[in-house]
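In our numbering, the protein residues as written are 9 to 215.
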Ligand SMILES: [Zn+2]
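See below:
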């Protein structure tokens, strides 16, 4: 079965955390979605493969399972979009130093994800891993959910930022020493915003 990676290949992981990259599968202008990368369960699997939370083989098996259970796959896709919206609201509020809206969706997903966590031995001691997920159609949401909970409970939550470009809405961790990073990507949003401001200023000067 072919996987429509196509447009997903233009998505660069910029957020430095899985949960932020998951939120960055859409571009927003205020409340309005201006570009959407996750348009189907197939796309969700392709994104999960591109971020390596699913292997190519796991992804192919899930796509086969999804064709057997299209209604269940569609439900997982709706859940993923709802989780993404909830995470964006939380991270965006954290970035803006605003009160965080409901944690209910995230907490609900945690209840579903956490039973699949297990300990395994690792070269330096022990590590968390995921119990053999089999063909659970929603397994890619477990690491995304745990990534969000980990970030929110870590000191790095104070470094969550939302891109300053008005038509982006991407989230990232500001790891700069003086905590001054404003754009998800200087090459795209930074230059675009500056060019737009320059245009507005020169237009004002002409008017
Ligand atoms: Zn941006």
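Glycine residues also receive a C-beta, built at the ideal position from the N, C-alpha and C atoms. Small disclaimer: the values here were computed from a predicted structure and weren't measured.
Proximity annotation: ligand 1 has residues 171, 173, 176, 178, 191, 192, 193, 196 and 197 in chain order, each selected because its CB is closer than 7 Å to a heavy atom of the ligand.
In the DSSP assignment, residue 108 falls outside any alpha helix (DSSP H), carrying neither H nor E. Secondary structure of residue 178 (DSSP, three-state): coil. Within the DSSP secondary-structure output, residue 129 pairs in a beta bridge with 134. When only Cα atoms are considered, residue 181 and residue 169 end up about 6 Å apart. Between residue 87 and residue 146, the beta carbon gap of about 7 Å places them in contact (Cβ cut-off 8 Å). Around the CB of residue 40, fewer than 16 other CB atoms lie within 10 Å, so the residue is classed as exposed.
Cβ contact annotation for residue 120 (same chain, cutoff 8 Å, sequence separation greater than five): 146, 149, 150 and 153, in chain order. Note on geometry: alpha-carbon atoms of residue 44 and residue 35 lie some 7 Å from one another. A contact is defined here as three or more CB-CB pairs under 8 Å, and the stretch 180 to 197 fails this definition with respect to the stretch 53 to 71. Partner residues in the beta bridge of residue 41, as assigned by DSSP, are 36.
Bounds of the alpha helix (DSSP H) holding residue 158 are 149 to 160.
Here residue 52 is near residue 85, since their CB atoms are less than 7 Å apart.
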